[in-house]
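Using full-length UniProt numbering, read the sequence shown as starting at 1 and increasing by one per residue. Heads up, the beta-carbon is just placed ideally off N, CA and C, and yes, glycines get one too. From a predicted model like this one, the values you see are computed outputs, not experimental measurements. Everything below concerns the one structure shown next.
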Amino acid sequence: MMNPYKVLDTKQGVEKGEIIQAAARAMRKKAYTAREIAIAQKALMNPISKAAHEFINFIDVKTLQGRLDISQRPEPQIKTDLEYRPVQGEGS
Numbered sequence: 001m002m003n004p005y006k007v008l009d010t011k012q013g014v015e016k017g018e019i020i021q022a023a024a025r026a027m028r029k030k031a032y033t034a035r036e037i038a039i040a041q042k043a044l045m046n047p048i049s050k051a052a053h054e055f056i057n058f059i060d061v062k063t064l065q066g067r068l069d070i071s072q073r074p075e076p077q078i079k080t081d082l083e084y085r086p087v088q089g090e091g092s
């Protein structure tokens, strides 16, 4: 699922007129296909779909990925002192 706000290069909370203008700008830029732009425009013109996309795309994780460093995450602690306890009726 593509983020319609990225396709149209606009922010959340835009009005219908701004969506139409953003679609025209996106067509001129040719960064996305006409089909992708039309799908993004249709998604943002429908109030229910727009609300769903605003909820789904509330946080752009890709902007945070550069700040997060998970390479130095500690190794998980695995306990090896656990003993096997058979289930009742299993190999008495």
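| task | Consider the Cβ of glutamine 12: report whether some Cβ of chain D lies at a distance smaller than 9 Å. | result | Structure shown: chain D not included; a single protein chain is present.
| field | Nearest-angstrom Cα separation, counted from proline 76 out to glutamate 54 | value | Rounded to whole angstroms, glutamate 54 to proline 76 spans 36 Å at the Cα level.
| field | Local conformation of isoleucine 78 per DSSP, three classes | value | coil
| If alanine 31 sits next to leucine 8, beta carbons under 8 Å apart, how far is it from one beta carbon to the other, in whole angstroms? | Not quite, the Cβ-Cβ distance comes to about 10 Å (not below 8 Å), so this is no contact.
| message | Quick check on the DSSP output: the alpha helix (DSSP H) that includes arginine 35 runs from which residue to which? | response | 34 to 45
| Are the region 11 to 26 and the region 36 to 51 touching, with three or more C-beta to C-beta distances below 8 Å? | Contact between the region 11 to 26 and the region 36 to 51 is present, because at least three Cβ pairs lie under 8 Å.
| Run of the alpha helix (DSSP H) containing methionine 27, from where it starts to where it stops | 16 to 29
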